[in-house]
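This report refers to the structure that appears directly beneath it.
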Amino acid sequence: MRRLVAMLFLIWVGGFIWFTVSLPGPGPSTVTQVVAVPTGGTGRIAAGLDVLNKELAPIMLVSGVDRDVKPAEFAAEFGVSELRMECCITLGFLAIDTHSNATEIAAWAKDRKIKSLRLVTTDWHMKRAAGELERVLPDDVTVIRDAVPSEPGIPILLLEYHKLLASKLAGLLPS
Numbered sequence: 000m001r002r003l004v005a006m007l008f009l010i011w012v013g014g015f016i017w018f019t020v021s022l023p024g025p026g027p028s029t030v031t032q033v034v035a036v037p038t039g040g041t042g043r044i045a046a047g048l049d050v051l052n053k054e055l056a057p058i059m060l061v062s063g064v065d066r067d068v069k070p071a072e073f074a075a076e077f078g079v080s081e082l083r084m085e086c087c088i089t090l091g092f093l094a095i096d097t098h099s100n101a102t103e104i105a106a107w108a109k110d111r112k113i114k115s116l117r118l119v120t121t122d123w124h125m126k127r128a129a130g131e132l133e134r135v136l137p138d139d140v141t142v143i144r145d146a147v148p149s150e151p152g153i154p155i156l157l158l159e160y161h162k163l164l165a166s167k168l169a170g171l172l173p174s
């Protein structure tokens, strides 16, 4: 029994080290039909807006926006023109966590027959967010991972690693 516990512990430690040293970076300059940004981390929305400004995607969905936020408030906070808000940015109010971000993004993309999507989220969040999203998107949708660099501490990394493990296990269970 001790050997089994020791082996499981070593696997856990090895996985955590892999998770920590392999945080993804910014994505390629590939043009996609949309950019999707789940709320929750510093720099995510600014990075999504940068994608629009660089014309790497013409429209953006911000998923998980607080229901009390008005489009004009969002525009003012992020320096977005009224015209840009009307033509190019959709605020999604349905999501409350990473799983529901994936569901909201996938439903939005399906309604618009999207075939290529750039996911912008924090580097430590990308593996789980992309995994959740790719599970609910149709197989013919290409997802470009575009991570926002950060400097997470050990507590955030540990929490996210455990959430990633739980997400992977949940993905193995039948629906």
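All residue numbers for the sequence shown refer to numbering that gives the first Met the number 0, where the first residue is 0 and numbers rise by one.
All residues carry an ideal CB built from backbone N, CA and C; glycine is no exception.
Just so it is clear, the structure is predicted and the values come from calculations on it, not from any experiment.
Proximity test, Cβ basis, 8 Å: ALA5 and chain B: Absent here is chain B; the protein component of the structure consists of one chain.
Neighbourhood of ILE104 by C-beta, 7 Å cutoff - its chain only, sequence neighbours within 5 removed: ALA35, LEU60, SER62, LEU132
Residues that DSSP places opposite ASP122 in a beta bridge: Bridge partners of ASP122: none, in fact.
Coarse secondary structure for ARG2, derived from DSSP in three states: helix
Backbone CA spacing between GLN32 and GLU159 [nearest angstrom]: 29 Å
Coil, strand or helix - ASP110 by DSSP: helix
Own chain partners of VAL135 with C-beta closer than 7 Å, once the 5 adjacent residues on each side are dropped: ALA101, THR102, ALA105
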